[in-house]
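*Asks:* Pasting in a structure now, in structure tokens, and then I'll have a few things to ask.
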Amino acid sequence: MKILLVEDDKTIAAGLEYSLQQDQFATILCHDAASAKKVIADEIEQFALCLFDLSLPDGSGYELCQLVKERSDIPVIFLTAIDDEVNVVMGLDMGADDYITKPFRIRELISRIKTVLRRYQKQTVTKATIEIENVRINTLEGKVYKNGEEVLLTALEYRLFLIFANHIGQVLSRNQLLERIWDVAGDFVNDNTLTVYIKRLREKLEDNPQHPQIIKTMRGLGYKVGD
7 MKILLVEDDK
17 TIAAGLEYSL
27 QQDQFATILC
37 HDAASAKKVI
47 ADEIEQFALC
57 LFDLSLPDGS
67 GYELCQLVKE
77 RSDIPVIFLT
87 AIDDEVNVVM
97 GLDMGADDYI
107 TKPFRIRELI
117 SRIKTVLRRY
127 QKQTVTKATI
137 EIENVRINTL
147 EGKVYKNGEE
157 VLLTALEYRL
167 FLIFANHIGQ
177 VLSRNQLLER
187 IWDVAGDFVN
197 DNTLTVYIKR
207 LREKLEDNPQ
217 HPQIIKTMRG
227 LGYKVGD
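Once you know that position 151 of the sequence shown is 157 in this note's numbering, the rest is easy, because the numbers rise by one and skip nothing.
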């Protein structure tokens, strides 16, 4: 998942960027409102979450939040040095999803990020039909079709493929997939089991499983479905 991080303190920003990347998040870092506005205008649909410092040298996290919410329904978390009820309420009223006051512990911030992302995933209204290449998912029936013919998937295979389908074009790491399967299924799935399920999905859905076009491996990053 990709996060847009806007923080003018370069020391804090470098530490945050490093910690987020260590937790398998991709990041785009901006140090001012001007550069952030350009990213929001051109690329906002690529991001899963925005992390905005409230006080910036040429603007504020408030206006960035407003721009994001006008363009896309993705979560925004504020970083603020002001533990003040008026500022917090103002941010939440503008559509922010959470805030954290500096100084903060990085593990707490990452936990907040994951909590907000899970909440958004649960709130997302799933499309009745999702099409990827020559494969169609009927989410109302819980069935998958290839070239018009039903493909029989196990419950966990279907859940895994639906995770991919709801994040078309995004690279999902193995850890992210394992976390989401755990959340949905409530069962323990280890790394080796995940490998087996992806192999089975490819055998059932790909025209040539040795050269997959639907579930693509992104070397060193994870897997991606679609472009």
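We treat Cβ as the ideally placed atom computed from N, Cα and C, and that holds for glycine.
No experiment lies behind these values; they were computed from the predicted model shown.
1. Taking buried to mean at least 16 other C-beta atoms within 10 Å of its own C-beta, is Met224 buried or exposed?
2. Shortest alpha-carbon distance to Met100 belongs to which of Glu155, Gly67, Arg118 and Tyr164?
3. Which same chain residues, not among the five before or five after Ala191, have their C-beta less than 7 Å away from its C-beta?
4. Skipping 5 residues on each side, what residues in its chain have a beta carbon closer than 8 Å to that of Val141?
5. Indicate whether Leu200 and Leu178 have their beta-carbon atoms separated by less than 8 Å.
6. I'd like to confirm the pairing. Which residues does DSSP put opposite Phe84 in its beta bridges?
7. Expressed to the nearest angstrom, what Euclidean distance is found between the alpha-carbon atoms of Lys205 and Gly226?
8. In terms of alpha-carbon separation, which member of Met7, Cys56 and Asn172 lies closest to Ala42?
9. Put Asn144 into one of helix, strand or coil per three-state DSSP.
*Replies:* Looking at the atomic coordinates:
1. By the 10 Å Cβ count, Met224 comes out exposed.
2. Gly67
3. Residue confidence is low: Ala191 scores 46 on pLDDT, short of 50, so the model does not pin down where it sits. Its coordinate-derived value is still stated next. Correct list, in chain order: Leu162 and Arg165.
4. Val150, Tyr151, Lys152, Val157, Leu211 and Ile220
5. no
6. Phe58 and Tyr105
7. Gly226 has its alpha-carbon roughly 17 Å from the corresponding atom of Lys205.
8. The closest CA to that of Ala42, considering only Met7, Cys56 and Asn172, is found on Cys56.
9. strand
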